[in-house]
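Counting in my numbering, the sequence shown runs from 2 upward without gaps.
Every residue, glycine too, gets a C-beta built ideally from N, C-alpha and C.
Remember, it's a predicted structure, so these values are computed and weren't measured experimentally.
Data first, discussion second: the structure below is written as structure tokens.
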Amino acid sequence: MQQTQPPTNDISSNDISSPQPLCDVHAHPASMTDPDAYLQFRRKQGTSAIIAASASPDDWPKILALADRHHDVFPALGIHPWAAASLPPHALSAALDALQKHLDNRPDIRAISECGLDASKPNIEQQLSIFKEQCTLAREHHRIIIIHIFKSFHLLSHLTERDRVVFHGFRASPQIQKWALARGFLFSIGSAVLSKHPPILLPETAPFLLPESDDDGHHTANFPAIAQKLPPDASLRAITLFDLKKI
Ligand SMILES: [Zn+2]
């Protein structure tokens, strides 16, 4: 009988001596005082890949520079709903143009993020208009959209099964979980999963959760514990979703 050795990078291997990659689908390294030291800390924790989201268009050059310097940082550029609520129309129009150019020129941009809607902020019509533009860009450029959403799920009727969607900062009602799962949308969750009163999670939603560090108030010290609370293949699913070939 011919013997064949499994390849060393076979993620289906049951070799427990090789830890699974740990992927953080929503972090903000560009917002850190010392992003390089922060990334070093994350590596020591065992985090092997970070989707670096932008909090505003001002972050984009910093995120792209970080991705150029660090093999485990994958850029995600977007116009945050707070920016969409506050910036004047000409600035938003310029940001959309710049985003399109970045998507054209940087195939390593994994997602449009963060974008979305926040009913606690003003100008919800303007927010919706800018969000829809970003959804169109995501479709045209075959990118995932990672969504910040607050009390605005009822405004998402333009999203369809062909959109690749992750709702970050999981806090969805069971009804919304069913709506999202029926369309193949995913959720990411952070330190809320560790709290004494975690959000209500339908059993069928659990396999569609991805780990994130965004809402960890301890500078992501909790991230390995967050990932451990999720199904064991959550990080691997994230890596597949974002096609992180460099890992
Ligand atoms: Zn965020």
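Proximity test, residue i beta-carbon vs ligand 1 heavy atom, cut-off 6 angstroms
i: A139; result: no
i: E213; result: no
i: A54; result: yes
i: E205; result: no
Beta-carbon proximity list for residue i, same chain, < 6 angstroms, skipping 5 on both sides
i: T206; result: Q178
i: S18; result: Residue confidence is low: S18 scores 39 on pLDDT, short of 50, so the model does not pin down where it sits. Its coordinate-derived value is still stated next. So the list is empty, once near-sequence residues are dropped.
i: V74; result: I51, A53, L67 and A68
i: A96; result: P58 and I80
i: R144; result: A112 and I113
i: F188; result: F168, F171 and L210
i: F243; result: R111
i: T9; result: Below a pLDDT of 50, predicted positions are generally treated as unreliable, and T9, at 32, falls in that range; no measurement from the model is reported.
i: K246; result: none
i: E115; result: A54, G79, H81, I147 and H149
CA nearest to the CA of residue i, picked from the options
i: C136; options: H149, K122 and I113; result: I113
i: S236; options: I51, G79 and P200; result: I51
i: P233; options: F243, L210, A120 and I148; result: L210
i: L78; options: L129, F151, D98 and Q229; result: D98
i: A173; options: I190, K246 and D164; result: I190
i: S192; options: H27, P204 and P22; result: H27
i: H72; options: P204, G170, D109 and H29; result: D109
i: R200; options: P175, L182, S153 and W180; result: Contrary to the premise, residue 200 reads as Pro rather than Arg in this sequence. Ranking the options by Cα distance to P200, first place goes to P175.
i: L88; options: N124, A31, L202 and V166; result: N124
i: K152; options: A120, I64 and A38; result: A120
i: S55; options: H198, R140, S130 and M33; result: M33
i: W180; options: D164, L245 and F154; result: F154
i: S94; options: E126, I131 and K122; result: I131
i: L156; options: K246, R140 and E126; result: E126
i: R140; options: P204, K122 and D164; result: D164
i: I148; options: V166, E134 and L160; result: V166
Residues near residue i in its chain [Cβ-Cβ closer than 7 angstroms; skip 5 each side]
i: E162; result: R184 and G185
i: S57; result: H81 and A84
i: I248; result: P22, S49, A50 and I240
i: F42; result: none
i: I12; result: At I12 the pLDDT is 30, less than 50, meaning the model places this residue with poor confidence and gives no usable figure here.
i: Q46; result: F224 and P225
i: H142; result: L104
i: L182; result: E205, T206 and F209
8 angstroms CB neighbourhood of residue i in its chain, flanking five on each side removed
i: T5; result: In this prediction, T5 has a pLDDT of 33, which is less than 50 and means its spatial position is unreliable; what the coordinates show is noted afterwards. So the list is empty, once near-sequence residues are dropped.
i: K230; result: V194 and L195
i: P62; result: none
i: L138; result: L97, L100, Q101, L104, I113 and R144
i: R107; result: L65 and P76
Short Cβ contact (7 angstroms threshold) for residue i with residue j
i: P82; j: G117; result: yes
i: P212; j: A226; result: no
i: I146; j: F168; result: no
i: Q128; j: A86; result: yes
i: D25; j: S158; result: no
i: D60; j: A38; result: no
Neighbour flag for residue i against chain C, beta carbons, 7 angstroms
i: S130; result: Although the question refers to chain C, the structure presented lacks it and comprises just one protein chain.
Check: residue i C-beta below 6 angstroms from any heavy atom of ligand 3
i: E115; result: As far as ligands go, the structure on display features ligand 1 and does not contain ligand 3.
Query raised in the report: Which ranges would you report for the alpha helix (DSSP H) in the stretch 93 to 177 if only whole runs of at least 4 residues count?
Result: Secondary structure in the stretch 93 to 177: the alpha helix (DSSP H) runs of 4 residues or longer, each lying completely within the stretch, are 125 to 141 in chain order.
Report task. Enumerate, from N- to C-terminal direction, the unbroken alpha helix (DSSP H) stretches of 4 or more residues contained entirely within the stretch 176 to 235. Result -> Taking only runs of at least 4 residues, the alpha helix (DSSP H) segments lying wholly in the stretch 176 to 235 are 224 to 230.
Query - Length at least 4, wholly inside the stretch 28 to 61: the alpha helix (DSSP H) runs in chain order - result: When DSSP assignments are scanned along the stretch 28 to 61, the uninterrupted stretches of alpha helix (DSSP H) that are 4 or more residues long and fall wholly within it turn out to be 36 to 46.
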